[in-house]
Amino acid sequence: MRKAILMVLLVALAGMVYPCIISFEPESVVTEQGKPFEVKVYVKLEHRRCPVKIKETKFEGKNIKILSKGEWVKEKKGLYSVVLKVLSTGENGELRVIRECEKKGISEGLLKIKPKQ
Numbered sequence: 773m774r775k776a777i778l779m780v781l782l783v784a785l786a787g788m789v790y791p792c793i794i795s796f797e798p799e800s801v802v803t804e805q806g807k808p809f810e811v812k813v814y815v816k817l818e819h820r821r822c823p824v825k826i827k828e829t830k831f832e833g834k835n836i837k838i839l840s841k842g843e844w845v846k847e848k849k850g851l852y853s854v855v856l857k858v859l860s861t862g863e864n865g866e867l868r869v870i871r872e873c874e875k876k877g878i879s880e881g882l883l884k885i886k887p888k889q
C-alpha cells in the first residue's frame, strides 16, 4: 500500500515542473541609459507537445523600451531563440519574458539591466 501511494506521489510531483525554461544571453546587462543593446532570449520547452505557441510568449519591460524583436528561430528540437534590441530608459531596468500554460502554470524569465557607473 505504501509503495502505491509513493508511486502516485512521485508521478504527481514529476508533472509539477514548469512548462518552459527561459534564459538570456548575456545573463546580465550593465549599460548606459539611452544606449541600445541586444539580448538573445532562449525558451526551452519542457514538454514535447506544448500547448502554448512560441509566438504567444509575452515580453514586458520596466525602465526599458524594446526597439525591435526578431523572428523566433528553432535552434534544435524544443529550443527556440529570438533577438531583441533594447533601450535602457531609466535606472535598474528589467526585461520579463512570460509564458502562460493552462495546464502547467506560468514560466517566467527575468533579466536585470543595471546602469553603468
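Be aware that the sequence shown starts at 773, since it is given in the working numbering, and climbs by one per residue.
Think of the CB as a built atom: it goes at the ideal place given N, C-alpha and C, for glycine as much as any other residue.
Fair warning: this is a prediction, and the values are worked out from it, not measured in the lab.
Looking at the DSSP output, ARG871 sits in a beta bridge with SER879. Contact between LEU883 and GLU872 does not hold, since the beta-carbon distance rounds to 19 Å and is not under 8 Å.
The Cβ atoms of LEU859 and VAL811 do not sit closer than 8 Å to each other. The Cβ atoms of LYS841 and VAL854 lie closer than 8 Å to each other.
The Cβ atoms of LYS875 and VAL801 lie no closer than 8 Å to each other. GLU797 carries a strand assignment under DSSP once its states are collapsed to helix, strand and coil. With a 10 Å radius around the Cβ and a threshold of 16 neighbouring Cβ atoms, PRO791 comes out buried. Comparing alpha carbon positions, the residue from LYS816, LYS837, ILE826 and LYS830 closest to ASN864 is LYS837. Its chain contains VAL801, THR803 and VAL858 as the residues whose beta carbon lies nearer than 7 Å to that of PHE809, once the 5 sequence neighbours on both sides are disregarded; these appear in chain order. Here VAL869 is buried: its Cβ has 16 or more other Cβ atoms, across all protein chains shown, within 10 Å.
Taking C-beta separations shorter than 6 Å and ignoring five residues to either side along the sequence, the partners of TYR814 in its chain run SER795 and SER853, following chain order.
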